[in-house]
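**Student:** Numbering (the working numbering), first residue to last: 48 to 322.
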Amino acid sequence: EREKREREKERMSGKSGVELNSEQYYKRLGRLVQAWKEDRNGGESLWKGADAVTIISGKHSEELMYKKSSTLTMWIWGVEVPNVIFVLTESKVFIVTTAVKVKLFSDLVVPADASSWNVPVPEVEYVTFTKDKGEENFAPLVEAIKGSFDGKKLGVLQKESEKEGGLAATLWKKVLADQLADLVRVSAVTGLGALFAVKERQDLGKVKTAASITTQLYKKFLLPDVETAIDEEKKVTHSTLAEKAEDIIFTPEKINHKLSSADVDSCYMPIIQSG
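Given below as structure tokens:
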């Protein structure tokens, strides 16, 4: 257990190449709250008029790779953060997670120029989840949700939430079912999707870098291998080509790219087809 906590601390503290950015954190958390509230007070089309919103990111699972909850944590912190629960209410944002993460996140100071931003900096309350407290961890969240706006609709990621694992996620789902059953569940999927669709300058830069890696991979390795196999009538399986392509993706120095392997990931195994 101690080793697990140390690995988590190292992963989140920047020793693994990840550095948390205060400006990104508060700006994007502010954009999240702003998008939800403006939609609620306006057309109510994207967030379905939710009076409060909860997003659950449970324990990491290779089977649940493409989740909006994981995308949200990466968008806010720049790294996937498992075992964290968000609750957006009229007055503040609650973030429930482990003691290690609470310490790291609470150390992020609001930048001095935040007053000049075009998004408001939300009030954030961190809740340290502990096993011995069980459902009591969530008492302040329940009251805050009930008192948020009309207290009738709760925005959720229903399909994702049902599959989320981990003690905190499991207990929170039970609390929602037992103590907030009277709230109508509405989907937060479209609202989050619209939020992620707007790309900032650094996001566009990452898209261009990914495209550059993909293009060089194709031109320098994949295309020559395919042409050689055809010309020499060699039998090369799709899986062999896919494995080689993936190996190069995770070692960008092979294509003379300045990124390190720690900065590159693949959303799925390269798909090689012929026809």
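We put the CB at the ideal spot given by N, CA and C, even for glycine.
Just grab the DSSP bridge partners of I142 for me.
**Tutor:** Here I142 is bridged, per DSSP, to F133 and Y173.
**Student:** Reducing DSSP to helix, strand and coil, say where V233 ends up.
**Tutor:** strand
**Student:** Hey, which unbroken runs of the alpha helix (DSSP H) at 4 residues or more fall wholly within the stretch 214-262?
**Tutor:** 214-226 and 236-244
**Student:** Quick check: the Cα distance between E48 and I123, rounded to an integer number of angstroms?
**Tutor:** Because the pLDDT of E48 is 43, which lies under 50, any placement of that residue in the model is unreliable, and the number read from its coordinates should be weighed accordingly. Taking the straight line joining both Cα atoms gives about 27 Å.
**Student:** Count the other CB atoms within 10 Å of the CB of N184; is the residue buried (16 or more) or exposed (fewer)?
**Tutor:** Flag for N184 reads buried.
**Student:** For H107, which of E85, S116, V233 and K199 has the nearest alpha-carbon?
**Tutor:** S116
**Student:** Rounded to whole angstroms, what's the CA-CA distance from D310 to A159? Just pull it up for me.
**Tutor:** 29 Å
**Student:** Considering only C-alpha positions, which residue in the set P299, L269, A224 and S313 is nearest to I319?
**Tutor:** L269
**Student:** Quick check on R52: buried or exposed, where buried means 16 or more other Cβ atoms within 10 Å of its Cβ?
**Tutor:** Note that R52 scores a pLDDT of 45, beneath 50, so its modelled location is shaky; the value from the coordinates is reported in the next line. The residue is exposed, with fewer than 16 neighbouring Cβ atoms inside 10 Å.
**Student:** Taking the DSSP output, what are the residues bridged to I102?
**Tutor:** F133
**Student:** Buried or exposed for L214, please, with buried defined as at least 16 other CB atoms from any protein chain shown within 10 angstroms of its CB.
**Tutor:** exposed
**Student:** Going by beta carbon distance, what residues of the same chain come within less than 8 Å of S69, once the five residues before and after it are set aside?
**Tutor:** L155, V156, V157 and P158
**Student:** Counting C-beta neighbours from all protein chains within 10 Å, is the total for P317 16 or more, i.e. buried, or is it exposed?
**Tutor:** buried
**Student:** Would you mind working out which of V189, S208 and E207 sits nearest K199, comparing C-alpha positions?
**Tutor:** V189
**Student:** Would you grab the beta carbon distance between T144 and V134 for me? Rounded to a whole angstrom, and I think it's under 8 Å.
**Tutor:** The pair is not a contact, with the Cβ atoms about 12 Å apart (cut-off 8 Å).
**Student:** On a Cα-Cα basis, can you pick out the residue from L67, R78, V166 and Y73 that is closest to F243?
**Tutor:** Measuring from the Cα of F243, the nearest candidate turns out to be R78.
**Student:** So K200 is in the alpha helix (DSSP H); what residue range does that whole segment cover?
**Tutor:** Here K200 belongs to no alpha helix (DSSP H); instead the beta strand (DSSP E) covers K200 to V203.
**Student:** Suppose the cutoff is 7 Å on Cβ atoms and the five residues either side in sequence are ignored; what does the same chain contact list for Y173 look like?
**Tutor:** Here Y173 has I142, V149, F152 and S153 as same chain residues with Cβ atoms under 7 Å from its own Cβ, once five neighbours each way along the sequence are excluded.
**Student:** Within 8 Å, do at least three Cβ pairs link the stretch 93-105 to the stretch 228-241?
**Tutor:** yes
**Student:** What residue from C314, N88, A97 and A82 has the CA that sits closest to L204's CA?
**Tutor:** A97
**Student:** Please identify the residue among K255, A292 and E247 whose C-alpha is closest to the C-alpha of K266.
**Tutor:** A292
**Student:** Grouping DSSP H, G and I as helix and E and B as strand, with all else coil, what is W122?
**Tutor:** helix
**Student:** What is the DSSP secondary structure of E16, reduced to helix, strand or coil?
**Tutor:** The structure shown does not extend to residue 16, since the chain is modelled only from 48 through 322, so no value can be given for it.
**Student:** Hey, V222 and E182: beta-carbon distance below 7 Å or not?
**Tutor:** A distance below 7 Å separates the beta carbons of V222 and E182.
**Student:** For V140 versus P169, is the C-beta distance shorter than 7 Å?
**Tutor:** Yes, these two residues count as a Cβ contact at 7 Å.
**Student:** Start and end of the alpha helix (DSSP H) containing S286?
**Tutor:** H285 to I296
**Student:** Taking the Cβ atom as the reference point for each residue, do S195 and E137 lie within a distance shorter than 7 Å?
**Tutor:** Remark: C-beta atoms of S195 and E137 approach each other more closely than 7 Å.
**Student:** Which residue marks the beginning of the alpha helix (DSSP H) containing L277, and which one marks its end?
**Tutor:** Leu is not the amino acid found at residue 277; the sequence shown has Ile there. Per DSSP, I277 belongs to the alpha helix (DSSP H) from L270 to D278.
**Student:** Please report how far the alpha carbon of D86 lies from the alpha carbon of I277, in whole angstroms.
**Tutor:** 55 Å
**Student:** By Cβ distance below 8 Å, which residues in the same chain neighbour A289 in space, the five residues on each side in sequence not counted?
**Tutor:** Counting only residues of its own chain and dropping the five nearest sequence neighbours on each side, A289 has a CB closer than 8 Å to the CB of M316, P317, I318 and I319.
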